[in-house]
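Undergrad:
There are 2 protein chains.
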Amino acid sequence: MRTYVDCMPCFMNQAIRGPRRFTDDPGVVEAIGREVAAELARYDFHDPPPVLGGTVNRIISRHLGVRDPYLDEKRRFNGLALELLPALRERIERSPDPFETAVRLAVAGNAIDFGSPGGRTDGRLAELIEEALSADVAGGGTAAIARLGEATARAGSILYLADNAGEIVLDRLLIERLPPGAVTVAVRSGPVINDALRADAEQAGLNEVAAVIESGVAMPGTPLDLCSADLRERFRSADLVISKGQGNFETLSEAPRAVWFLLMIKCEVVARHAGCAVGDLVVLPPAAA
Amino acid sequence: MRTYVDCMPCFMNQAIRGPRRFTDDPGVVEAIGREVAAELARYDFHDPPPVLGGTVNRIISRHLGVRDPYLDEKRRFNGLALELLPALRERIERSPDPFETAVRLAVAGNAIDFGSPGGRTDGRLAELIEEALSADVAGGGTAAIARLGEATARAGSILYLADNAGEIVLDRLLIERLPPGAVTVAVRSGPVINDALRADAEQAGLNEVAAVIESGVAMPGTPLDLCSADLRERFRSADLVISKGQGNFETLSEAPRAVWFLLMIKCEVVARHAGCAVGDLVVLPPAAA
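Protein chains in written order, with this note's numbering: chain B, 1301 to 1589; chain D, 1301 to 1589.
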């Protein structure tokens, strides 16, 4: 998905609101705003928004003088989700369709997002999860979840593109229901907003149930041409690819292979592109599937 | 008032939403967005927001190839207000405090604004007016209105800095209650958003009850150092100055003389600066008055 002109005020907002969580110095925020404005003026809009997201994040980190400003927030959301994990696992097991329940929880986790206008940045995870368990499923609906269950059962290799910290703990509940030994989870290679890194995958215990690799980029998405050769090869050769979140959707919505997209819609631009509405819990099957 | 970093996303929004009223071509909107972003990157934030507003407006007009994109909207809002004029004049005359009612109507008119996030761009003027007649008055409250009435009665020369088209028709109701022959109304010198020009003052019939001059700038405010020498001299020498709207407030809040500010608050930045809330109907007396 290309970057749209509507992304410009949104990036300006991120450039200003993000840093304010970490500094009271208006001069620092102004310097960040100016530099982001200069990037917007020259950005190649054919590139997807997460490429600019990576640049904005580097600008913010440099001006704040902090490599990973969201480190504490990531740990906190991992912790909140880990506290809920045993009860949620039991809930999945007791539910009439455990796979569907696991998918719903994984998509609900995608609401934890410090980069999108519609992302949730408070600790009210439990409430969100209750909503997601009974909400309508946009995209392919619950039929798509059933098809995903069948497709994953047949898959010898599954590439699971993770999105955010906190969310990655709920991803574990879904990964536990995928064929043992089949799953490779890809996280970002460096800090970017609250996106999950290797440390978050480990805090979530994902290394116990899957292989964990890095994408090769510190961007809130998976822009294939910028990712590592290893990531690209795994993306090409996996029997099945599950992509979590808006940033991965924005970078892979026109990818040259079938991808299952699981995400919450957090802005109008992505809503239009996906044919959904802001707030929708989406399971989007591959066009050709 | 200086420009704040929060004005950056707001200007990006204006740069994109404004032009969309006039073109369906995303390439034109993108080109405007890029050029405005470049201006934001190098803007002197010590200047008040209306100076940048003037620049943004010139960029939009140039890319649209239209000198005065809001011309039809301005005529329409003047017409809507003119239709209400006889009934409102009667209402003022019948009210217990005609001067206060006239001030309330003039401030209500300031809600018509295509440049601010909280501006009203629909035709529901009558509704707005009903609200304004009984709303709380922020700033100095109704006591300030009474003091303004006394001060204007003593003033031999009053400079009335107009703001928007449509609004200027309601300004007429207040100007009719000021000392005959005392009032000079200043409008902008060239098209900028929906700000009132000489043609709007004439459509409102202001030339029948006041002298009409131009500010010397095509900016949505009155940045004295950029205005004509004539405007500056009248501003300096008038017995009393009434300033309508946010743009005039933003450019004159630290002016070296007493100014009465009448405005609706339409954004958080001005709200903080004025010590009011968004949506407030404000009558702000001079600090020393």
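Using N, Cα and C, we set each Cβ at its ideal position, and we do this for glycine too.
Residues in the same chain with beta-carbon distance under 6 Å from B/P1547, minus the five sequence neighbours each way, listed in chain order, please.
TA: Inspection of the sequence shows that residue 1547 of chain B is occupied by Gly rather than by Pro. Contacts found: P1350, P1520, G1521.
Undergrad: So D/N1313 contacts chain B; which residues on that side make the cut at Cβ distance below 8 Å?
TA: By Cβ distance, chain B contributes P1309.
Undergrad: Give me whichever residues DSSP pairs with D/A1486 in a beta bridge.
TA: For D/A1486, which the question treats as bridged, DSSP gives the partners D/L1461, D/I1513.
Undergrad: Using a C-beta cutoff of 8 Å, does D/R1334 count as contacting chain B?
TA: Closer than 8 Å to some Cβ of chain B, the Cβ of D/R1334 qualifies, so yes.
Undergrad: Could you work out which residue in D/F1322, D/G1418, D/A1341 is closest to D/E1373 when comparing CA atoms only?
TA: Nearest C-alpha to D/E1373: D/F1322.
Undergrad: Can you confirm whether D/E1330, when its beta carbon is compared against all beta carbons of chain B, has any partner nearer than 8 Å?
TA: At least one chain B Cβ lies under 8 Å of D/E1330.
Undergrad: Using the C-alpha atoms, what's the distance from D/R1302 back to B/W1560?
TA: Rounded to whole angstroms, B/W1560 to D/R1302 spans 49 Å at the Cα level.
Undergrad: Do three or more CB pairs link the region 1538 to 1545 of chain B to the region 1456 to 1471 of chain B at distances below 8 Å?
TA: The region 1538 to 1545 of chain B vs the region 1456 to 1471 of chain B: in contact.
Undergrad: Under 8 Å between C-beta atoms, does B/A1571 make it to chain D?
TA: Chain D contact via Cβ: absent.
Undergrad: Looking at C-beta atoms only, is the number of pairs between the region 1329 to 1340 of chain D and the region 1358 to 1367 of chain D that lie closer than 8 Å three or more?
TA: Taking 8 Å as the limit for Cβ pairs, the verdict is that the region 1358 to 1367 of chain D does touch the region 1329 to 1340 of chain D.
Undergrad: Could you tell me which of D/R1317, D/A1446, D/T1355, D/G1415 sits nearest to D/F1598, measuring between CA atoms?
TA: In the structure as shown, chain D begins at 1301 and stops at 1589. Residue 1598 of chain D is therefore absent and cannot be evaluated.
Undergrad: Report back the beta-carbon spacing between D/V1578 and D/I1565 to the nearest angstrom; my notes put them in contact at under 8 Å.
TA: Confirmed, about 5 Å.
Undergrad: Could you compute how far the alpha carbon of D/D1422 sits from the alpha carbon of D/L1364?
TA: The straight-line gap from Cα to Cα measures roughly 23 Å.
Undergrad: Which residues, taken in chain order from the region 1410 to 1426 of chain B, show a beta carbon closer than 9 Å to some beta carbon of chain D?
TA: Those residues of the region 1410 to 1426 of chain B that come within reach of chain D (Cβ to Cβ, closer than 9 Å) do not exist; the list is empty.
Undergrad: As a quick exercise: from B/E1550, B/D1471, B/G1415, pick the residue whose alpha carbon is nearest that of B/G1409.
TA: The residue with the shortest Cα to Cα distance from B/G1409 is B/D1471.
Undergrad: Does any residue of chain D have a CB that is nearer than 8 Å to the CB of B/L1524?
TA: Chain D contact via Cβ: absent.
Undergrad: When the cut-off is 8 Å and only beta carbons count, does B/L1340 lie next to chain D?
TA: For B/L1340, the answer is yes, since a Cβ of chain D falls inside 8 Å of its Cβ.
Undergrad: Compute the Euclidean distance between the alpha carbons of B/L1459 and D/S1416, then round it to the nearest angstrom.
TA: Distance between the alpha carbons of B/L1459 and D/S1416: 47 Å.
Undergrad: Skipping 5 residues on each side, what residues in its chain have a beta carbon closer than 8 Å to that of B/G1419?
TA: Once the five neighbours on either side are set aside, the close Cβ partners of B/G1419 are A1411, I1412, D1413, K1566.
Undergrad: Drop a sphere of 10 angstroms on the beta-carbon of D/S1515, count the other beta-carbons inside from all chains shown, and report buried for 16 or more, exposed for fewer.
TA: Buried.
Undergrad: What are the boundary residues of the alpha helix (DSSP H) that includes D/S1434?
TA: 1425 to 1434 is the extent of the alpha helix (DSSP H) around D/S1434.
Undergrad: Near D/P1585, what residues of its chain come up, given a Cβ to Cβ distance below 8 Å and the 5 sequence neighbours on each side ignored?
TA: Hits under 8 Å: G1439, G1440, A1444, R1447, L1448, W1560.
Undergrad: Would you mind sorting B/H1346 into buried or exposed? The rule is 16 or more other CB atoms within 10 Å of its CB.
TA: Classification for B/H1346: exposed.
Undergrad: Taking 8 Å as the CB-CB limit, is B/V1512 close to chain D?
TA: No - not a single Cβ of chain D is within 8 Å of the one on B/V1512.
Undergrad: For B/L1506 and B/R1498, what's the separation of their Cα atoms in angstroms?
TA: Going from the Cα of B/L1506 to the Cα of B/R1498 covers about 9 Å.
Undergrad: Relative to the C-alpha of D/S1395, which residue among D/L1428, D/L1425, D/G1490, D/L1433 is closest?
TA: When each option's Cα is compared against that of D/S1395, the closest is D/L1433.
Undergrad: Where do the N-terminal and C-terminal ends of the alpha helix (DSSP H) with B/G1545 fall, by residue?
TA: From DSSP, the alpha helix (DSSP H) with B/G1545 extends over 1545 to 1552.
Undergrad: What are the start and end residues of the beta strand (DSSP E) that includes B/V1583?
TA: Unbroken beta strand (DSSP E) run through B/V1583: 1581 to 1584.
Undergrad: What separation, rounded to the nearest whole angstrom, lies between the Cα atoms of D/L1552 and D/P1348?
TA: Their backbone Cα atoms lie some 9 Å apart in a straight line.
Undergrad: Which residues in the same chain as D/C1576 place their Cβ atom closer than 7 Å to its Cβ, once the five residues preceding and following it in sequence are excluded?
TA: Same-chain partners within the cutoff: A1438, G1439, I1565, V1582.
Undergrad: Compute the Euclidean distance between the alpha carbons of D/A1426 and D/F1535, then round it to the nearest angstrom.
TA: Going by the C-alpha atoms only, they are around 33 Å apart.
Undergrad: I want to see whether chain B comes within less than 8 Å of D/I1316, judged by CB atoms only; does it?
TA: With 8 Å as the cut-off, D/I1316 counts as an interface residue toward chain B.
Undergrad: When the distance is taken between beta carbons, is D/L1563 closer than 8 Å to D/F1549?
TA: Cβ distance < 8 Å, so D/F1549 and D/L1563 count as in contact.
Undergrad: Which whole-angstrom value is the C-beta distance of D/A1486 and D/A1455, which I expect to be below 8 Å?
TA: The pair is not a contact, with the Cβ atoms about 16 Å apart (cut-off 8 Å).
Undergrad: Give a yes or no on whether 8 Å exceeds the smallest Cβ distance from D/D1325 to chain B.
TA: No, because no Cβ of chain B sits closer than 8 Å to the Cβ of D/D1325.
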